[in-house]
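A.B. asks: Let me begin by handing over the structure; questions about it come next.
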């Protein structure tokens with residue numbers, strides 16, 4: 065019943081088909097064992113997955129350079145179009161920014177004096193490595209990106225990754241030359257955060273489609289408004305505090321839907337930082353397994 | 004009339020290309036490598052190129068590769084695309100074994116049947132991927148697999164066309 069059809073009266077051909085069928089069943093069994101191991105013990109294949117990233121990242125890197133050059137040529141030509149109007153708009157914007165910058169400098173000074181008064185020590189996370197996002201998991205429901213720096217640059221699993229705009233995610237696998245980043249918009253990536261306007265603690269969880277779900281930690285009135293900015297809170301010690309995370313675009317019945325401030329697609333450079341509290345990176349896989 | 008119809012149209016020097024038996028597997032290996040394209044997408048709606056090529060070959064012919072070749076090919080796919088190691092090994096081998104078993108019961112096979120089978124296999128594969136993601140802590144609602152399945156279903160004819168051209172080329176037919 066289960067065996068494949070007999071290919072005729074040739075004994076040799078019959079054995080060939082039969083053993084091929086047995087080999088397929090063996091392959092299926094091996095696959096199931098490996099898959100179970102991947103699910104139950106994500107560390108098991110860490111080295112193998114690192115090799116896979118190292119194989120692919122140079123190809124992605126080369127291709128993304130070509131794509132960047134081509135889109136740069138097209139975009140560069142587009143910038144000349146209507147440049148006089150753009151120039152005027154940018155000048156107005158610059159003047160407005162200069163006024164805000166002045167205000168921000170005074171606040172910074174005040175902040176520094178207040179912190180000195182409180183004897184707060186800042187753990188500044190200097191960037192360990194700077195790389196480019198060269199590819200992403202465009203065929204999978206999970207949201208990963210491939211970053212062009214790896215173990216040889218000091219990158220280790222669990223380190224937070226950010227761009228100048230905001231948080232991108234954290235390192236999930238690292239090869240020697242490249243690493244895979246779990247993006248903020250992945251379902252398994254849960255980031256403790258704060259509402260910038262009120263300071264209220266919220267939780268961000270990816271939705272797998274480039275946006276995140278925001279939920280307030282305290283039950284009560286929905287604290288979100290459209291356009292609200294959410295920053296990381298540093299709770300849990302994995303992500304550094306006060307990194308811009310997401311902007312609210314839509315309210316939901318018990319929270320809000322937001323888009324990450326740092327769009328991985330338009331990020332030119334990504335910084336890998338040390339885990340905010342070093343012992344947290346050891347606990348990162350456990351946080352990943354939590355639903 | 005009959006004799007001329009039976010006469011081979013092949014000319015001297017034409018015929019299967021070198022290593023024609025390995026062209027199908029090589030095309031699957033290459034399709035896995037397409038995951039390195041520098042596409043940074045906010046959703047995973049692109050079709051699974053290598054899986055479509057694999058089942059496309061198997062639906063076109065019964066003998067492009069033995070079913071057990073799906074295991075090493077799937078391992079390569081897992082390695083380079085970043086799916087959990089063992090996922091493609093399992094799903095691809097299961098798909099080929101299922102098609103081998105199904106071939107015993109199928110009386111005829113036309114293009115619409117192939118397309119329906121391909122959509123069924125892609126749906127199963129995407130569902131399995133969603134289930135594995137849920138076990139790894141990323142539980143997503145079921146309807147999230149509809150866009151990728153629809154896109155894969157719509158693009159299967161393209162893949163089938165490419166495979167048919169490859170098959171003609173490797174066998175040296177005009």
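Protein chains in written order, with my numbering: chain A, 65 to 355; chain B, 4 to 177. All residues carry an ideal CB built from backbone N, CA and C; glycine is no exception.
1. Figure out for me which residue from A:315, A:303, A:139, A:242 has the closest Cα to the Cα of residue 277 of chain A.
2. Count the other CB atoms, across all protein chains shown, that sit within 10 Å of the CB of residue 146 of chain A; report buried if there are 16 or more and exposed otherwise.
3. CB-CB under 6 Å to residue 214 of chain A, same chain, minus the five flanking residues each way: which ones, in chain order?
4. What does residue 219 of chain A reach in chain B if we use C-beta pairs closer than 8 Å?
5. Taking only three categories from DSSP, how would you classify residue 337 of chain A?
6. Along the chain, which unbroken stretches of the alpha helix (DSSP H) at least 4 residues long are found entirely within the segment 127 to 193 of chain A?
7. Taking beta-carbon pairs under 7 Å, can you tell me which members of the segment 58 to 77 of chain B lie near chain A?
8. Taking the alpha carbon of residue 256 of chain A as the reference point, which residue from A:304, A:148, A:167 has its own alpha carbon closest?
9. Do the segment 110 to 118 of chain B and the segment 69 to 81 of chain B make contact, defined as three or more Cβ pairs closer than 8 Å?
10. Just curious, the alpha helix (DSSP H) that residue 209 of chain A is in, first and last residue?
11. Excluding the 5 residues flanking residue 65 of chain A on each side, which residues of the same chain have their C-beta closer than 8 Å to its C-beta?
12. Using the beta-carbon of each residue, which ones in chain B are nearer than 7 Å to residue 328 of chain A?
13. Would you verify that the beta carbon of residue 316 of chain A is, or is not, closer than 9 Å to some beta carbon of chain B?
14. Do we get a CB-CB distance below 9 Å when we pair residue 336 of chain A with the residues of chain B?
15. Assign residue 97 of chain A to buried or exposed, taking buried as 16 or more other Cβ atoms, counted over all protein chains shown, within 10 Å of its Cβ.
16. For the ligand GDP, any of its heavy atoms closer than 8 Å to the Cβ of residue 63 of chain B?
17. Could you give the first and the last residue of the continuous alpha helix (DSSP H) run that contains residue 99 of chain A?
18. Please name the residue in B:164, B:18, B:158, B:171 whose C-alpha comes closest to that of residue 48 of chain B.
19. For residue 30 of chain B and chain A, any beta-carbon pair shorter than 9 Å?
20. Buried or exposed: which applies to residue 137 of chain A, given that a residue is buried once 16 or more other Cβ atoms fall within 10 Å of its Cβ?
21. Helix, strand or coil, according to DSSP, for residue 296 of chain A in the structure here?
22. Would you call the CB atoms of residue 258 of chain A and residue 265 of chain A closer than 9 Å?
23. Please return the same chain residues whose Cβ sits closer than 7 Å to the Cβ of residue 275 of chain A, not counting the five positions on each side in sequence.
24. On the criterion of 16 or more Cβ atoms from any shown chain inside 10 Å, does residue 19 of chain B qualify as buried, or is it exposed?
25. Would residue 21 of chain A be called buried (16 or more neighbouring beta carbons within 10 Å of its own) or exposed?
26. How long is the line joining the alpha carbons of residue 87 of chain B and residue 209 of chain A, rounded to whole angstroms?
27. Does chain A have any CB closer than 9 Å to the CB of residue 151 of chain B?
28. Return the chain-ordered list of same chain residues with a C-beta closer than 7 Å to the C-beta of residue 207 of chain A, the five sequence neighbours on each side being excluded.
29. Quick check on DSSP: helix, strand or coil for residue 110 of chain B?
30. Counting only the same chain and skipping the five closest in sequence on each side, list residues whose C-beta sits under 8 Å from that of residue 108 of chain A.
31. Given a limit of 9 Å on CB to CB distance, which residues of the segment 115 to 145 of chain A reach chain B?
32. In whole angstroms, what separates the C-alpha of residue 83 of chain A from that of residue 76 of chain B?
33. Pick helix, strand or coil for residue 268 of chain A, following the three-state DSSP scheme.
34. Return no unless some Cβ of chain A is closer than 9 Å to the Cβ of residue 56 of chain B.
35. Under DSSP, the alpha helix (DSSP H) around residue 156 of chain B begins and ends at which residues?
C.D. replies: So, from the data block:
1. A:315
2. exposed
3. 238, 239, 240, 241, 242, 243
4. Going along chain B, no residue has its Cβ under 8 Å from residue 219 of chain A, so there is no contact; the nearest lies around 16 Å.
5. coil
6. 147 to 182
7. 69, 70, 71, 73, 74, 77
8. A:304
9. no
10. Per DSSP, residue 209 of chain A belongs to no alpha helix (DSSP H); it is in the beta strand (DSSP E), 208 to 211.
11. Any reading at residue 65 of chain A must be qualified, since the residue scores a pLDDT of 43, below 50, and its modelled position is unreliable; the value itself is stated next. For residue 65 of chain A, where only same-chain residues beyond five positions count, there are no Cβ hits under 8 Å.
12. 43
13. no
14. no
15. exposed
16. Absent from the structure shown: the ligand GDP. Ligands present: none.
17. 75 to 104
18. B:158
19. no
20. exposed
21. strand
22. yes
23. 249, 321, 322, 323
24. exposed
25. Because chain A here runs from 65 to 355, residue 21 of chain A falls outside it and cannot be looked at.
26. 15 Å
27. yes
28. 201, 247, 249, 250, 270, 272
29. coil
30. 101, 102
31. 115, 116, 117, 119, 120, 121, 122, 123, 124, 125, 126, 127, 128, 129, 130, 131, 132
32. 18 Å
33. strand
34. no
35. 149 to 174
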